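Read the sequence shown against this note's numbering and you will find it ends at 431, with the numbers running on by one and no gaps.
Glycine included, C-beta positions come from ideal geometry on N, C-alpha and C.
Remember, predicted model here, so these are calculated numbers, not experimental data.
Report on the following structure.
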Amino acid sequence: MKMNILILGSGGREHAITWKLAQSSRPLRLFVAPGNPGTAAAAVNLPVDPLDFQGVRAAILENSIGMVIVGPEAPLAEGIADFIENDPALIGVSVIGPRKAGAMLEGSKDFAKGFMMRHGIPTAAYGTFTADSVEEAISFMRGLTPPWVLKADGLAAGKGVLIIDDFDMAVSELRAMLGGRFGSAGSKVVIEEYLRGIEMSAFVITDGISYRILPEAKDYKRIGEGDTGNNTGGMGAVSPVPFATPGFLAKVEEQVIRPTVEGLRAEGIDYRGFIFFGLMNVNGDPYVIEYNARLGDPETEVILPRIESDLYDLLEGVASRDLAVRSIAISPETAVTVMIVSGGYPDRYSKGFAIEGTDKVTRSILFHAGTAAKEGRLVTSGGRVIAVTSMGESIDEALAKSYTAAELISFEGMNFRRDIGFDLKKYTV
Ligand code: AMP
Ligand code: GLY
Numbered sequence: 003m004k005m006n007i008l009i010l011g012s013g014g015r016e017h018a019i020t021w022k023l024a025q026s027s028r029p030l031r032l033f034v035a036p037g038n039p040g041t042a043a044a045a046v047n048l049p050v051d052p053l054d055f056q057g058v059r060a061a062i063l064e065n066s067i068g069m070v071i072v073g074p075e076a077p078l079a080e081g082i083a084d085f086i087e088n089d090p091a092l093i094g095v096s097v098i099g100p101r102k103a104g105a106m107l108e109g110s111k112d113f114a115k116g117f118m119m120r121h122g123i124p125t126a127a128y129g130t131f132t133a134d135s136v137e138e139a140i141s142f143m144r145g146l147t148p149p150w151v152l153k154a155d156g157l158a159a160g161k162g163v164l165i166i167d168d169f170d171m172a173v174s175e176l177r178a179m180l181g182g183r184f185g186s187a188g189s190k191v192v193i194e195e196y197l198r199g200i201e202m203s204a205f206v207i208t209d210g211i212s213y214r215i216l217p218e219a220k221d222y223k224r225i226g227e228g229d230t231g232n233n234t235g236g237m238g239a240v241s242p243v244p245f246a247t248p249g250f251l252a253k254v255e256e257q258v259i260r261p262t263v264e265g266l267r268a269e270g271i272d273y274r275g276f277i278f279f280g281l282m283n284v285n286g287d288p289y290v291i292e293y294n295a296r297l298g299d300p301e302t303e304v305i306l307p308r309i310e311s312d313l314y315d316l317l318e319g320v321a322s323r324d325l326a327v328r329s330i331a332i333s334p335e336t337a338v339t340v341m342i343v344s345g346g347y348p349d350r351y352s353k354g355f356a357i358e359g360t361d362k363v364t365r366s367i368l369f370h371a372g373t374a375a376k377e378g379r380l381v382t383s384g385g386r387v388i389a390v391t392s393m394g395e396s397i398d399e400a401l402a403k404s405y406t407a408a409e410l411i412s413f414e415g416m417n418f419r420r421d422i423g424f425d426l427k428k429y430t431v
């Protein structure tokens, strides 16, 4: 019997998931809502918004979907898993992605910090404040050394974290946040100790009981070379991460991953899906900067190409809660991705430019993000346009392939960072 799978989302992450599942030895039929021209090559795109739960429900019923994989955070935070699992007409449909209660790990910084405190998971010291406790917040800030880290409690599309060197500026930003700058996402603000170290991310898939560790990755969030300029959704990623030694990764598993999965279970949160751990390596010890209740984008574009085993086998293990007997094989090769973006991104940019040259790329994988098909041509339709992923024996070899491929592609205003992995060179021999 064929298994029909619906992947929710439309970015490079969802294209990578589709690409990986298309290689499964199992008889799968893949659907993506809404998808993009990249996913259309291996799946059926359905014109449904993942936040339109009734539309998702109809798509599930119409296409006899047995499994829904949720790519982005917003539908999880809105309760798509609860919605599907509570609907009598959808009995038997499994969801890869936590219910609302589990998605709080990402949806509320205050919840995540409290959770880490309850389970002894290393994280920066913090306090949570509201408009009624501004004075306490200010005196808490006086006790911290600069810079000050202010985080809107709720989802703020990656813009809710401020790191400020000047005390008075930090206080005025705090007042602005509590005054509604980020809407209700900022009605609570988490103020944190600043951690000095180097960042990377770890990923697991869990059925709520056991877990499998996926390849780790490092992403490049800033628009400018040398990690300068504004934050973006991510301009590139590398996996494996050279400074993530076996000893460090063992600490991540013992101090972060295991207590997180066990803590969720102990709190009665039935978490089935991916967990993304944003980590700071502080002198060889891991601290959790943030949790995400999903895979990262563009991290997925380097993680999945390194998984040699069948991804569907792991997903089936989550659905049937026997992940403990499923295995994962990971390639020792390095994967890198370089994100090609629209000129002006992450600020104002135009769309609709014809994309040329993708057919000339043979040694890299092109994961579509902001692309669209218009009158039979591929055009830009978003800020992040295409993630160019390559594999190699080394970071340099993989990067050389991605940069060669990027040079073959062109559209008006096209931009990409030419220094992905620049900070990792000192760790490689
Ligand atoms: P987040 O949105 O939680 O990922 O935070 C955005 C970025 O802010 C992170 O990727 C880190 O680079 C930085 N950051 C967040 N919290 C801290 C902290 N406590 N210390 C240092 N940097 C931080
Ligand atoms: N690349 C960071 C994220 O997906 O949140």
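(request) Flag Ala204 as yes when its Cβ comes closer than 7 angstroms to any non-hydrogen atom of the ligand AMP, and as no otherwise. (result) For this step, residue 204 is matched to residue 202 along the sequence shown. Because no heavy atom of the ligand AMP lies under 7 angstroms away, the Cβ of Ala204 does not count as near it: no.
(request) Pull up the distance between the alpha-carbon of Val191 and that of Ala219, whole angstroms please. (result) Residue mapping note: residue 191 aligns to position 189 of the sequence shown, counting from 1. Residue mapping note: residue 219 aligns to position 217 of the sequence shown, counting from 1. About 28 angstroms.
(message) Using C-beta distances below 7 angstroms, list every residue in its chain close to Pro242, excluding the 5 sequence neighbours before and after it, in chain order.
(response) The residue labelled residue 242 in the question sits at position 240 within the sequence shown. The residues are Pro217, Glu218, Thr336.
(message) Taking the beta strand (DSSP E) that Phe117 belongs to, which residues open and close that run?
(response) As a first step, residue 117 is located in the sequence shown; it is residue number 115 there, counting from the start. Where Phe117 is concerned, there is no enclosing beta strand (DSSP E), although the alpha helix (DSSP H) it sits in stretches over 111 to 120.
(request) Count the other CB atoms, across all protein chains shown, that sit within 10 Å of the CB of Met5; report buried if there are 16 or more and exposed otherwise. (result) Residue mapping note: residue 5 aligns to position 3 of the sequence shown, counting from 1. It is buried - the Cβ of Met5 has at least 16 other Cβ atoms within 10 Å.
(message) Which residue marks the beginning of the beta strand (DSSP E) containing Phe418, and which one marks its end?
(response) As a working mapping, residue 418 is identified with position 416 in the sequence shown. Here Phe418 belongs to no beta strand (DSSP E), and DSSP marks it neither H nor E.
(message) Could you give the first and the last residue of the continuous alpha helix (DSSP H) run that contains Gly14?
(response) Counting from one through the sequence shown, the residue named residue 14 turns up at place 12. Here the alpha helix (DSSP H) through Gly14 covers 14 to 24.
(request) Using a threshold of 8 angstroms, state whether the C-beta atoms of Pro77 and Leu53 are closer than that. (result) Sequence index remark: in the sequence shown, residue 77 carries index 75 (1-based). Sequence index remark: in the sequence shown, residue 53 carries index 51 (1-based). Result yes, Cβ atoms of Pro77 and Leu53 sit closer than 8 angstroms.
(message) Can you give me the C-alpha to C-alpha distance between Ile422 and Arg328, rounded to a whole angstrom?
(response) For the purposes of this step, residue 422 is identified with residue 420 of the sequence shown, where counting begins at 1. For the purposes of this step, residue 328 is identified with residue 326 of the sequence shown, where counting begins at 1. Computed Cα separation, rounded: 33 angstroms.
(message) If you follow the alpha helix (DSSP H) that Lys403 is in, where does it begin and where does it stop?
(response) The sequence position of residue 403 within the sequence shown is 401, counting from 1. It spans 397 to 410 - the alpha helix (DSSP H) in which Lys403 sits, taken as one unbroken run.
(message) Count Cβ pairs between the segment 274 to 290 and the segment 144 to 163 that sit closer than 8 angstroms; are there 3 or more?
(response) no
(message) Along the chain, where does the alpha helix (DSSP H) containing Ala2 start, and where does it finish?
(response) Missing from the structure shown is residue 2; the chain here goes from 3 to 431 and no further.
(request) Could you name the residues that DSSP lists as bridge partners for Lys220? (result) Walking along the sequence shown from the start, residue 220 turns up at place 218. According to DSSP, which records beta bridges pairwise, Lys220 is partnered with Val240.
(message) I'd like the span of the beta strand (DSSP E) that includes Gly129, first residue to last.
(response) Here residue 129 is taken as the residue at index 127 of the sequence shown, counted from 1. It spans 128 to 132 - the beta strand (DSSP E) in which Gly129 sits, taken as one unbroken run.
(message) How far does the alpha helix (DSSP H) with Met171 in it extend, from its first residue to its last?
(response) Position 169 of the sequence shown, counting from 1, holds the residue named residue 171. It spans 169 to 178 - the alpha helix (DSSP H) in which Met171 sits, taken as one unbroken run.
(message) Using 8 angstroms for Cβ pairs, my map puts His121 next to Gly265. What's the rounded Cβ distance?
(response) The sequence position of residue 121 within the sequence shown is 119, counting from 1. The sequence position of residue 265 within the sequence shown is 263, counting from 1. The pair is a contact, with the Cβ atoms about 4 angstroms apart (cut-off 8 angstroms).
(request) State the DSSP-derived secondary structure class of Ala61, mapped to helix, strand or coil. (result) Walking along the sequence shown from the start, residue 61 turns up at place 59. It is helical.
(request) Would you tell me roughly how many angstroms separate the C-alpha atoms of Gln257 and Val136, rounded to the nearest one? (result) Position 255 of the sequence shown, counted from the start, is the residue given in the question as residue 257. Position 134 of the sequence shown, counted from the start, is the residue given in the question as residue 136. About 33 angstroms.
(message) Please report the distance separating the alpha-carbon of Glu138 from that of Phe131.
(response) Taking the first residue of the sequence shown as position 1, residue 138 is located at position 136. Taking the first residue of the sequence shown as position 1, residue 131 is located at position 129. Answer to the nearest angstrom: the Cα atoms are 8 angstroms apart.
(message) Can you give me the C-alpha to C-alpha distance between Ile62 and Tyr213, rounded to a whole angstrom?
(response) As a working mapping, residue 62 is identified with position 60 in the sequence shown. As a working mapping, residue 213 is identified with position 211 in the sequence shown. When rounded, the distance between both Cα atoms is 27 angstroms.
(request) Give a single yes or no on whether Asp229 has its beta carbon closer than 7 angstroms to a heavy atom of the ligand GLY. (result) Within the sequence shown, residue 229 is the residue found at index 227, counting from 1. Checking every heavy atom of the ligand GLY against the Cβ of Asp229, none is found closer than 7 angstroms.
(request) Kindly indicate which three-state DSSP category Ile277 falls into: helix, strand or coil? (result) Here residue 277 corresponds to residue number 275 of the sequence shown, with the count starting at 1. DSSP places Ile277 in strand when its eight states are reduced to three.
(message) I need the boundaries of the beta strand (DSSP E) containing Ala337, first residue and last residue.
(response) Along the sequence shown, one-based indexing puts residue 337 at 335. Where Ala337 is concerned, the enclosing beta strand (DSSP E) stretches over 336 to 343.
(request) Less than 8 angstroms between the CB atoms is what I'm expecting for Lys153 and Glu87, so what's the real figure, rounded? (result) Within the sequence shown, numbered from 1, the residue matching residue 153 stands at position 151. Within the sequence shown, numbered from 1, the residue matching residue 87 stands at position 85. With 8 angstroms as the limit, Lys153 and Glu87 do not qualify as a contact, their Cβ atoms being about 30 angstroms apart.
(request) Would you mind working out which of Ser66, Ala126, Glu201, Glu64 sits nearest Leu426, comparing C-alpha positions? (result) Taking the sequence shown and counting its residues from 1, the one referred to as residue 426 is at position 424. Looking at the Cα atoms, Glu201 is the closest of the given residues.
(request) Return yes when the C-beta of Gly298 is under 7 angstroms from any heavy atom of the ligand GLY, and no when it is not. (result) Along the sequence shown, read from residue 1 onward, the residue named residue 298 stands at position 296. Flag set: Cβ of Gly298 near the ligand GLY.
(message) Taking 8 angstroms as the cut-off, does the segment 358 to 377 touch the segment 310 to 326 (at least 3 CB pairs, one atom from each stretch)?
(response) no
(request) Count the CB pairs spanning the segment 165 to 174 and the segment 109 to 128 that are closer than 8 angstroms, and state whether there are at least three. (result) no
(message) Please report the distance separating the alpha-carbon of Met341 from that of Ala402.
(response) Here residue 341 refers to the residue found at position 339 when the sequence shown is read from its first residue. Here residue 402 refers to the residue found at position 400 when the sequence shown is read from its first residue. So the two alpha carbons sit approximately 14 angstroms from each other.
(message) Tell me the residue span of the alpha helix (DSSP H) that contains Met143.
(response) For the purposes of this step, residue 143 is taken as the residue at position 141 of the sequence shown. Residues 136 to 144.
(request) List the whole-angstrom C-beta distance separating Leu297 from Phe279, where the pair is believed to meet the contact cut-off of C-beta under 8 angstroms. (result) Here residue 297 refers to the residue found at position 295 when the sequence shown is read from its first residue. Here residue 279 refers to the residue found at position 277 when the sequence shown is read from its first residue. About 12 angstroms separates the two Cβ atoms, so there is no contact after all.
(message) Assuming the contact rule is C-beta atoms closer than 8 angstroms, Gly73 and Leu23 should be a hit. Round their C-beta distance to whole Å, please.
(response) As a first step, residue 73 is located in the sequence shown; it is residue number 71 there, counting from the start. As a first step, residue 23 is located in the sequence shown; it is residue number 21 there, counting from the start. So it is not a contact: roughly 12 angstroms between Cβ atoms.
(request) Starting from the Cα of Leu180, find the closest Cα among Ala133, Ala60, Phe55 and give me that residue. (result) In the sequence shown, counting from the first residue as 1, residue 180 sits at position 178. Nearest C-alpha to Leu180: Ala133.
(request) With hydrogens ignored, establish whether the beta-carbon of Val163 is closer than 7 angstroms to any heavy atom of the ligand AMP. (result) Position 161 of the sequence shown, counted from the first residue, corresponds to residue 163. Correct: Val163 has its Cβ closer than 7 angstroms to the ligand AMP.
(request) May I ask whether a heavy atom of the ligand GLY can be found less than 7 angstroms away from the beta carbon of Glu201? (result) Stepping through the sequence shown from its first residue, residue 201 is reached at position 199. No, since every heavy atom of the ligand GLY falls outside the 7 angstroms radius drawn around the Cβ of Glu201.
(message) Using a 10 Å radius around the Cβ and a threshold of 16 neighbouring Cβ atoms, would you call Ser66 buried or exposed?
(response) Against the sequence shown, residue 66 aligns to sequence position 64. Flag for Ser66 reads exposed.
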